[in-house]
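**Student:**
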Amino acid sequence: GAGVSQTPSNKVTEKGKYVELRCDPISGHTALYWYRQSLGQGPEFLIYFQGTGAADDSGLPNDRFFAVRPEGSVSTLKIQRTERGDSAVYLCASSYWGSSGTNYNEQFFGPGTRLTVL
Amino acid sequence: AQKVTQAQTEISVVEKEDVTLDCVYETRDTTYYLFWYKQPPSGELVFLIRRNSFDEQNEISGRYSWNFQKSTSSFNFTITASQVVDSAVYFCALSEFIKAAGNKLTFGGGTRVLVKP
Numbered sequence: 001g002a003g004v005s006q007t008p009s010n011k012v013t014e015k016g017k018y019v020e021l022r023c024d025p026i027s028g029h030t031a032l033y034w035y036r037q038s039l040g041q042g043p044e045f046l047i048y049f050q051g052t053g054a055a056d057d058s059g060l061p062n063d064r065f066f067a068v069r070p071e072g073s074v075s076t077l078k079i080q081r082t083e084r085g086d087s088a089v090y091l092c093a094s095s096y097w098g099s100s101g102t103n104y105n106e107q108f109f110g111p112g113t114r115l116t117v118l
Numbered sequence: 119a120q121k122v123t124q125a126q127t128e129i130s131v132v133e134k135e136d137v138t139l140d141c142v143y144e145t146r147d148t149t150y151y152l153f154w155y156k157q158p159p160s161g162e163l164v165f166l167i168r169r170n171s172f173d174e175q176n177e178i179s180g181r182y183s184w185n186f187q188k189s190t191s192s193f194n195f196t197i198t199a200s201q202v203v204d205s206a207v208y209f210c211a212l213s214e215f216i217k218a219a220g221n222k223l224t225f226g227g228g229t230r231v232l233v234k235p
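For the record, the sequence lines run as chains A and B.
Here the first sequence is numbered in our numbering, starting from 1 and rising by one per residue.
Here the second sequence is numbered in our numbering, starting from 119 and rising by one per residue.
#1: Using a Cβ-Cβ distance cut-off of 8 angstroms, determine whether A/Pro111 contacts chain B.
#2: Quick check on A/Val12: does DSSP put it in helix, strand or coil?
#3: With 8 angstroms as the threshold, decide whether the Cβ of B/Leu163 is near any Cβ in chain A.
#4: Could one say the Cβ of A/Leu21 lies closer than 8 angstroms to chain B's Cβ atoms, at least one of them?
#5: Report the residue from A/Gly42, A/Phe45, A/Val89 whose alpha carbon sits nearest the alpha carbon of A/Pro111.
#6: Using a Cβ-Cβ cutoff of 7 angstroms, what residues of the region 127-141 of chain B are near chain E? List them in chain order.
#7: Contact check, B/Gly226 vs B/Gln124 under 8 angstroms by CB: the rounded distance?
#8: Would you call the CB atoms of A/Ile47 and A/Asp63 closer than 8 angstroms?
#9: When you compare only the Cα positions, how much space is there between A/Ala67 and B/Glu135?
#10: On the premise that B/Thr229 lies in contact with B/Glu128, defined as a C-beta separation below 8 angstroms, what is that separation, rounded to the nearest angstrom?
#11: How many Å lie between A/Glu71 and A/Thr30 at the Cα?
#12: Using DSSP bridges, identify the partner residues of A/Asn62.
#13: Can you check DSSP and say which residues form a bridge with B/Lys234?
#14: Measure how close the beta-carbons of B/Gln126 and B/Asp140 come, nearest whole angstrom, since I'm counting them as under 8 angstroms.
#15: I want to verify the contact list: residues of chain B whose CB lies under 9 angstroms from the CB of A/Val89, in sequence order.
#16: At a CB distance below 8 angstroms, what residues from the region 41-56 of chain A approach chain B? Give them in sequence order.
#17: Between A/Ser100 and the rest of its own chain, which residues show a CB-CB distance below 7 angstroms, the 5 nearest in sequence each way excluded?
#18: Contact check, A/Tyr33 vs B/Lys188 under 8 angstroms by CB: the rounded distance?
#19: Please return the same chain residues whose Cβ sits closer than 6 angstroms to the Cβ of B/Glu144, not counting the five positions on each side in sequence.
#20: When the Cβ atoms of the region 195-205 of chain B are set against those of the region 14-24 of chain A, are three or more pairs found closer than 8 angstroms?
#21: Taking Cβ positions only, does B/Lys222 come closer than 8 angstroms to chain A?
#22: State yes or no: is the beta carbon of B/Arg168 nearer than 8 angstroms to at least one beta carbon in chain A?
#23: Do B/Phe195 and B/Tyr155 have their beta-carbon atoms positioned less than 8 angstroms apart in this structure?
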């Protein structure tokens, strides 16, 4: 089946501009995560959704970052007043929770959106 | 706070050699999950294995094997008879034991493996 998809694959913007990054999770996956990966580093957690609500947004670096998942499927990460330090690859992942209680915390990652702030 | 350390930043081997990637973790949780992911040059993270803290049994999957030692907080990964296609960055990661559907991953800095023909 289809994996996690992210659009755009690349985004170049100017400092101070607003950007939106989109994530389409695997169908039926209830959990959705955003991570940020700077060059040469491991991914860092930003925010996690369970259904429509943000269950954990402790990784968002500041109030310029915001994410939504209004219908419990597609999610959008929004960055206001972009700064050069926001340049990174933004990764989205999704996972499934079985109704029987079986734990499927295996996260499936999308290809990422490479954001460049000039 | 959780922390994952991958001390090796880059390893270069010749094809057919074995390569072992080290992973050391820190957590206050008594129950937790450990993971390994592969990130090939294409950039997409590929899940390799999940291990819960209750299960210290080592695991082998084809040319891959994992050695989990709770006493030393290590979860090392060995690729046997490496191939050029194994060239990638490998990440070790840690998460809390699941309380709800999913939990954030804490990643190490990654180890770049270069397999030369």
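Backbone N, C-alpha and C define an ideal beta-carbon position, used for all residues, glycine too.
**Tutor:** Working from what's here:
#1: For the purposes of this step, residue 111 of chain A is taken as residue 111 along the first sequence, with counting starting at 1. Taking Cβ atoms only, chain B reaches closer than 8 angstroms to A/Pro111, which makes this a yes.
#2: For the purposes of this step, residue 12 of chain A is taken as the residue at position 12 of the first sequence. In the structure shown, A/Val12 sits in a strand (DSSP, three-state: E or B).
#3: Within the second sequence, numbered from 1, the residue matching residue 163 of chain B stands at position 45. Judged by the 8 angstroms Cβ criterion, B/Leu163 is in contact with chain A.
#4: The count along the first sequence starts at 1 and reaches residue 21 of chain A at position 21. With 8 angstroms as the cut-off, A/Leu21 does not count as an interface residue toward chain B.
#5: Counting from 1 along the first sequence, the entry for residue 111 of chain A is found at position 111. A/Pro111 has its Cα closest to that of A/Val89, out of A/Gly42, A/Phe45, A/Val89.
#6: Absent from the structure is chain E; the protein chains it does hold are A and B.
#7: Here residue 226 of chain B refers to the residue found at position 108 of the second sequence. Here residue 124 of chain B refers to the residue found at position 6 of the second sequence. Contact flag correct, Cβ pair sits at about 4 angstroms.
#8: Your numbering for residue 47 of chain A matches position 47 in the first sequence. Your numbering for residue 63 of chain A matches position 63 in the first sequence. In this structure, A/Asp63 does not lie closer than 8 angstroms to A/Ile47 by Cβ.
#9: Counted from its first residue, the first sequence places residue 67 of chain A at position 67. Counted from its first residue, the second sequence places residue 135 of chain B at position 17. Distance from the CA atom of A/Ala67 to the CA atom of B/Glu135, rounded to whole angstroms, is 45 angstroms.
#10: Here residue 128 of chain B is taken as the residue at index 10 of the second sequence, counted from 1. Here residue 229 of chain B is taken as the residue at index 111 of the second sequence, counted from 1. Indeed they touch by this definition, with Cβ atoms about 7 angstroms apart.
#11: Translated into positions along the first sequence, residue 71 of chain A becomes position 71. Translated into positions along the first sequence, residue 30 of chain A becomes position 30. If you take the alpha carbons of A/Glu71 and A/Thr30, they lie about 11 angstroms apart.
#12: Along the first sequence, read from residue 1 onward, the residue named residue 62 of chain A stands at position 62. In the DSSP output, where bridge partners are listed per residue, A/Asn62 has none listed.
#13: Translated into the one-based positions of the second sequence, residue 234 of chain B becomes position 116. Answer is B/Val132, bridged to B/Lys234.
#14: Taking the first residue of the second sequence as position 1, residue 126 of chain B is located at position 8. Taking the first residue of the second sequence as position 1, residue 140 of chain B is located at position 22. About 6 angstroms separates the two Cβ atoms, so the contact holds.
#15: As a position in the first sequence, residue 89 of chain A is number 89, starting the count at 1. In chain order: Gly161.
#16: Gln41, Gly42, Pro43, Glu44, Phe45, Tyr48, Gln50, Ala55, Asp56
#17: For the purposes of this step, residue 100 of chain A is identified with residue 100 of the first sequence, where counting begins at 1. Residue confidence for A/Ser100 is low, a pLDDT of 49 falling below 50, so the modelled location carries little weight; the figure read from the coordinates is stated next. Excluding positions up to five away in sequence, the list is empty.
#18: Taking the first residue of the first sequence as position 1, residue 33 of chain A is located at position 33. Taking the first residue of the second sequence as position 1, residue 188 of chain B is located at position 70. Rounded to whole angstroms, the Cβ separation of A/Tyr33 and B/Lys188 is 26 angstroms, and the two are not in contact under 8 angstroms.
#19: Numbered from 1 along the second sequence, position 26 holds the residue referred to as residue 144 of chain B. Here the set comprises Lys121.
#20: no
#21: Position 104 of the second sequence, counted from the start, is the residue given in the question as residue 222 of chain B. Chain A, which has a Cβ nearer than 8 angstroms to the Cβ of B/Lys222, makes this yes.
#22: To locate residue 168 of chain B, count along the second sequence from 1; it is residue 50. It does; some Cβ of chain A falls within 8 angstroms.
#23: In the second sequence, the residue the question calls residue 155 of chain B occupies position 37. In the second sequence, the residue the question calls residue 195 of chain B occupies position 77. Not closer than 8 angstroms, so no.
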